[in-house]
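Just below is one structure, and these are the notes that go with it.
Residue numbers (the working numbering): 1 to 369.
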């Protein structure tokens, strides 16, 4: 009845007054809701607790969009717990390290036109020590010869294994919306834990879980670099379309993409490209850190939504952000898995097993005696 009287009223100011009251009421609700949300984010961002990073989603059943459970095959040996013995030394695992796998996916228009499938041309593990607020980047050359899983696209289960390049794990997973990310981080974990076929049999496996990932289509690199206003790098060689050796440039757009993709002008080909990718990632981290949280989120949100694929939850993203604020980016250590390249029809990179094991022990374990 009151509404009817209001509608028939000849006093416009009353009608406008009610509309304003309604709008103010809605606005207040939104402000309060936003305030609670922002307060929650602030509390999460300032809390020292980073336990969310150690929550392995694989402890629960992994289900895809078709409600098909992805099954991980049983391994003959499981990752070692406690201490391990190697070369007369005893090592204990550093329990404070969490891994984030970075994948740069080559699915550009040229590759799609040739129907070559998607491959992860950048495979990089960021090992973060949450206790010391330090980080280590480990590049695994894309041609690394190792054991990879093949996935049955109808059931989502592992159908077979074969020796191949590590970047084919993404291809065998069927693409962005199938099982490629799962297959990639699972195969990287298998490689790091030494659960793949090796020339030298070990009586132990390492315990280096990899279950968090952030992947970006290489075509999206230009968008990310541009969104932060460019990424500064100093060229170690001449790269056509980018610049000359010794130049310090702020890369964005196509130049950033060219810098990350180029391997024909880099020393060591794929190894040189891996070095460029690490340099770019560290410079990008510096830029994001210097921007501050608010500017970072407003500049990157849309780009990250469109071009970045990740299984990180909001809480885990905030936990990584908290650590980044305290990391000395210039002190981030960088490594490439050692090995040699060979080509017999297909190019493969054969890693040095002993050097790889010693590197992993140095990063993930502590010598106790």
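Yeah, the Cβ is synthetic: ideal placement off N, Cα and C, and Gly gets one too.
For residue i versus residue j, is the C-beta spacing smaller than 8 Å?
{"i": "residue 98", "j": "residue 53", "result": "yes"}
{"i": "residue 161", "j": "residue 147", "result": "yes"}
{"i": "residue 56", "j": "residue 94", "result": "no"}
{"i": "residue 121", "j": "residue 218", "result": "yes"}
{"i": "residue 300", "j": "residue 228", "result": "yes"}
{"i": "residue 175", "j": "residue 151", "result": "no"}
{"i": "residue 127", "j": "residue 364", "result": "yes"}
{"i": "residue 319", "j": "residue 90", "result": "no"}
{"i": "residue 198", "j": "residue 353", "result": "yes"}
{"i": "residue 206", "j": "residue 103", "result": "no"}
Relative to the C-alpha of residue i, which residue among the options is closest?
{"i": "residue 257", "options": "290, 223, 285", "result": "223"}
{"i": "residue 188", "options": "141, 82, 220, 352", "result": "141"}
{"i": "residue 290", "options": "344, 230, 48", "result": "230"}
{"i": "residue 167", "options": "58, 348, 210, 275", "result": "348"}
{"i": "residue 252", "options": "152, 275, 225", "result": "225"}
{"i": "residue 333", "options": "369, 282, 233", "result": "282"}
{"i": "residue 211", "options": "250, 345, 190", "result": "190"}
{"i": "residue 86", "options": "103, 203, 262", "result": "203"}
{"i": "residue 371", "options": "153, 150, 82, 156", "result": "Nothing about residue 371 can be read from this structure; the chain reaches only from 1 to 369."}
{"i": "residue 278", "options": "137, 84, 50, 364", "result": "137"}
{"i": "residue 308", "options": "157, 213, 169, 208", "result": "213"}
{"i": "residue 163", "options": "196, 134, 58", "result": "196"}
{"i": "residue 285", "options": "181, 345, 321", "result": "321"}
{"i": "residue 346", "options": "145, 206, 207", "result": "145"}
{"i": "residue 156", "options": "182, 165, 133", "result": "182"}
{"i": "residue 275", "options": "357, 48, 123", "result": "123"}
{"i": "residue 335", "options": "358, 194, 193", "result": "358"}
{"i": "residue 169", "options": "133, 154, 119", "result": "119"}
{"i": "residue 58", "options": "329, 209, 149, 177", "result": "209"}
{"i": "residue 339", "options": "356, 329, 328, 330", "result": "356"}
Less than 8 Å between the CB atoms is what I'm expecting for residue i and residue j, so what's the real figure, rounded?
{"i": "residue 288", "j": "residue 105", "result": "Not really, about 21 Å apart at Cβ, beyond 8 Å."}
{"i": "residue 179", "j": "residue 101", "result": "That belief does not hold up - the Cβ atoms of residue 179 and residue 101 are roughly 15 Å apart, past 8 Å."}
{"i": "residue 238", "j": "residue 232", "result": "Between residue 232 and residue 238 the Cβ distance is about 18 Å, and since that is not below 8 Å, they are no contact."}
{"i": "residue 159", "j": "residue 337", "result": "Going by Cβ atoms, the distance from residue 159 to residue 337 rounds to 27 Å, so no, they are not a contact pair."}
{"i": "residue 260", "j": "residue 280", "result": "6 Å"}
{"i": "residue 135", "j": "residue 366", "result": "17 Å between Cβ atoms; not a contact."}
{"i": "residue 241", "j": "residue 255", "result": "7 Å"}
- Task: May I have a chain-ordered list of the beta strand (DSSP E) segments no shorter than 3 residues that lie completely inside the region 85-172?
- Result: 89-93, 97-106, 119-129, 134-139, 145-152, 157-165
Margin query: So within the region 205-242, which uninterrupted beta strand (DSSP E) runs reach at least 3 residues, ignoring any that extend past its ends?
Written below: 212-217, 231-234
Extract the residue ranges of the beta strand (DSSP E) inside the region 319-354, only unbroken runs of 3 or more that lie entirely within it.
333-336, 339-344, 346-351
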